[in-house]
Structures are given as C-alpha cells and as structure tokens.
Amino acid sequence: MASTNLFENEQAIAIAALVGVVIVLFIIKRLILVRLKAKARSEKSSMSDIYRVLVLSLNAPLNLLIWVIFLQLVKSIFSVFSIEDEVAIKALGIVIEAGVIITVFLFFERFVNYTLERYRDQSTIVKNTSAIAGGAVRAVFAVLAILIILSTMGVSVTPIVASLGITSLAVALALQPTLENFFSGIQLVMDKPIRIGDFIELDSGEQGFVEKIGWRSTWVRMLPNNIVIMPNSKLSNSKLINYYYPERELSVPVDVGVHYSSDLEHVEKVCLDVANCILEQHEYGVETYQPFVIFHTFDNSSINLTVMLRTREYFNRFFIKSAFIKMLKKRFDEEGIVIPFPITALNVEQEGAASALYNQRHQNQPSEQYQEKPPRPT
22 MASTNLFENE QAIAIAALVG VVIVLFIIKR LILVRLKAKA RSEKSSMSDI
72 YRVLVLSLNA PLNLLIWVIF LQLVKSIFSV FSIEDEVAIK ALGIVIEAGV
122 IITVFLFFER FVNYTLERYR DQSTIVKNTS AIAGGAVRAV FAVLAILIIL
172 STMGVSVTPI VASLGITSLA VALALQPTLE NFFSGIQLVM DKPIRIGDFI
222 ELDSGEQGFV EKIGWRSTWV RMLPNNIVIM PNSKLSNSKL INYYYPEREL
272 SVPVDVGVHY SSDLEHVEKV CLDVANCILE QHEYGVETYQ PFVIFHTFDN
322 SSINLTVMLR TREYFNRFFI KSAFIKMLKK RFDEEGIVIP FPITALNVEQ
372 EGAASALYNQ RHQNQPSEQY QEKPPRPT
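Take 22 as the starting number for the sequence shown in my numbering and just add one per residue.
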C-alpha cells in the first residue's frame, strides 16, 4: 500500500514537473521575443529589419518546439516508470521526430516569406515577385517536410517521387489553364511589362493601378475604386499601355481654336506665357519642361493649334489641363483673342433657285400613282 502511494506521489511530482517545465519554456520564449523586439526598436541599421523578421518567424515554431520538448519528457517519464507500451512509445517517437522536422521547416518558411514581405518596398523585383515567390516557397518547404517525415517513418520515398512525376504529368494536363496562368504570371514578373503600382490601360479601354500580380490573375484597381481581375494568360497576350513606363512624366496636349483674324504670333506668345506659368505654379507641373505650340489645321470656323504641357504622372493630367484652360480663357479675354463658335453657312439664294427649278419641272407632271393605266386587252 505504501509502495502504491509512493508510486502515485512520484507520478504526481512528474506531472507537476512537466507542467512546470512547459510554463518555464513559455516564459523563456516570451523573454526571447521581448529581447528581440527591444533590439529591433533600438537598432538604426538594417539589422532592425532582421530582428523584426525573427520575431515574426520564431513565434509559431517556438510554440511547436515547446510541445515537442513536452512530448520528449513524457517519453522519458515512460522509461523512468517502466511503462512498457510499445505502441504509445513508438507513436510518441514518430510524433517527436515529425514535430522537430516541421518546426525547422516552419521556421525557414516563415523567415523567407516575412523577409520578402519586409523588403518588398525596397526592391522592384521583390515587390513584383513576393506573391508568387511566397506561395512557391511555402509549397516547396511543405513537400520537403512531408518527404522527410515519411522517410523517418521508414517509408521509401523513391516510389513516391516516381509516382509524383507521373501524377504531375496528369495534373498538368488537367490543370492546363491554371498552369498557363501561373507561367504567364512568372513571365509578367520576369519580363516586367507591368509592375505593382503602375497605371495601365487594358485593350478593353479600362484604366487603373496594378494592385497585385498573383499566381493565377492580376488585380487592377480602376479609377472608380473597383477591382478588375485579369487572368495572367490573357494579360500577357493582350495589348496594353503602361503610363508609368519608362517614366511617370507625361506630355499633355491641349487643343485650342482661334479666329481667322487673330495674330498667330501673338496667340503663340500668350499660350506659351500661360503654359510656363502653369508648369511653374501648379503642383503637378514639370518646371524644367519647355512647352511649345503647333498650328496644324485650317478648320471651318477657326485655326486650330495644340499646346504641349507636361505633368508628373498620367493621373495628374486632368488637373493641369483644367488649370491651363481656365487661365488661357482669362488671358484670351484680356488680350482680345477670340475663340469662335462653330459656324455653318447657308447660301439661301442658291438653295431658293434650286427649289424653284425643281418645282417648275414637276408641277405639270401627274404623280405616278394617279396616272391613267392603259386599257386591258380583250
């Protein structure tokens, strides 16, 4: 009876020790993360980003590692108390080995993905490839972890790898559209006809900012703030305009018409004065650009010209064009330069003569529907 009580007391002490070890390990994990956070806040160099990535990457793997240590201690207690349950001990061994492998691969997967996310704004290549690269890294680490776990369990992975080759061929045929979109996305990232943040115009006429280049599709945010989702295969094979490539600055043509009696030299001088003033004063104008004027059309009621301005990016062209038109209209009024209304001239005398001649020719001719029909032969 005394031995039984002693055994039960030893078990209770062991369980309490396990609980205490787990609590201590969680406290140590908390201290490590707090220390890393403090280092991330104190560092002024690029090391601060690495410390932030470590904080994000270590949280889940450390939790998993603590439970792996807990299971290892449980397995040790089985040996101390001579608990001979081969099935439970073997299962614990497999779970522990799998837990260690998953912990290692989980840490590296999270470290790589959080590194890509942290540095995506500092590199165009990382920014454009972060979505696709993150998914690819996650898939590769998951497959490697599964294969290694199966190998530690005594399962031969060679037939699995061979069958994966055949299976992948069948999957590739079944998922041909998906794979086409995937490789088109890689092509978009590598060739870089568009980049995240670019303002583009699709061949359908829709315009917007590139939000995301994903595995299957590219997201474009339209000006009304809605999203157009384009499959990568269609986007890579379609014609589009990238208003941010090779640079964001963009010429803004403004068409103007003046009266035929206007002094064109004076008109050109006034237009250039207004254009230079707008480019210098407006927040979206390019001060270093030299505007110019081209007269190009003798229209029905005006001589047409084009004033060429320049703005910082495509989306700003509406505002700078509006400001230029308002200031130019005011200056034209001050200088006495006339912007004519569209005029259509009618020659009333000629039209009246033609109408009289027509009436003279047809007034003595009966209408066809009232002409007498010839008698029917008998």
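For glycine and all other residues, C-beta sits at the position ideal for the given N, C-alpha and C. Computed from a predicted model, the values in this text were never measured in an experiment.
query	result
Unbroken alpha helix (DSSP H) run spanning glutamate 356, endpoints	338–356
Own chain residues within Cβ distance below 7 angstroms of leucine 127, not counting five before or after	Ala81, Pro82, Leu85
Inter-stretch contact at 8 angstroms, needing at least 3 Cβ pairs: the region 255–264 / the region 221–231	yes
With 16 other Cβ atoms within 10 Å as the buried cut-off, status of asparagine 247	exposed
Supposed close pair glutamate 270, valine 307 - CB separation, criterion 8 angstroms	6 angstroms
As assigned by DSSP and simplified to three states, the class of isoleucine 71	helix
Other residues of its chain near asparagine 337: CB distance less than 6 angstroms, five sequence neighbours each side excluded	Tyr305
Cβ-based neighbour list, glutamate 118, same chain, cut-off 6 angstroms, excluding 5 preceding and 5 following	Thr173
Identity of the residue in Asp276, Val55, Ile110, Leu46 nearest lysine 350 by Cα	Asp276
Beta carbon of valine 43 nearer than 8 angstroms to that of isoleucine 110	no
C-alpha distance - isoleucine 169 paired with phenylalanine 162, whole-angstrom precision	11 angstroms
Reduced DSSP secondary structure (H/G/I, E/B, other) of threonine 179	helix
8 angstroms Cβ cutoff met for isoleucine 250 and tryptophan 236	no
Short Cβ contact (8 angstroms threshold) for histidine 280 with proline 361	yes
C-beta atoms of threonine 278 and asparagine 325 nearer than 8 angstroms	Before going further, note that residue 278 is glycine rather than threonine in the sequence given. In contact: glycine 278 and asparagine 325 (Cβ atoms closer than 8 angstroms).
Minimum C-alpha distance to phenylalanine 132 - residue among Ala166, Gly226, Ser78, Lys260	Ser78
C-alpha gap between isoleucine 234 and isoleucine 364, whole angstroms	52 angstroms
Spatial neighbours of phenylalanine 47 in its chain, beta-carbon cut-off 7 angstroms, leaving aside the 5 residues before and after	Ile87
Buried versus exposed call for phenylalanine 339 [16 or more other C-beta atoms within 10 Å across all chains shown]	exposed
Helix, strand or coil at glutamine 208 [DSSP, three-state]	helix
Identity of the residues DSSP links to glutamine 228 by a beta bridge	Glu222
Beta bridge counterpart(s) of aspartate 276 as assigned by DSSP	Thr327
C-beta contact flag for cysteine 298 and methionine 348 at 8 angstroms	yes
DSSP-derived helix/strand/coil call for tyrosine 391	The predicted model places tyrosine 391 with a pLDDT of 45, which falls under 50 and marks its position as unreliable; any figure quoted below should be read in that light. If DSSP states are grouped into helix, strand and coil, tyrosine 391 belongs with the helices.
Terminal residues of the beta strand (DSSP E) in which histidine 317 lies	313–319
Element boundaries [alpha helix (DSSP H), containing glycine 254]	The residue you asked about is not glycine; residue 254 is serine in the sequence shown. Note, serine 254: alpha helix (DSSP H), 253–258.
Inter-residue CB distance, isoleucine 315 and threonine 327 (contact presumed, cutoff 8 angstroms)	5 angstroms
Cβ neighbours of lysine 58 in the same chain (closer than 7 angstroms, five flanking residues each side left out)	Val76
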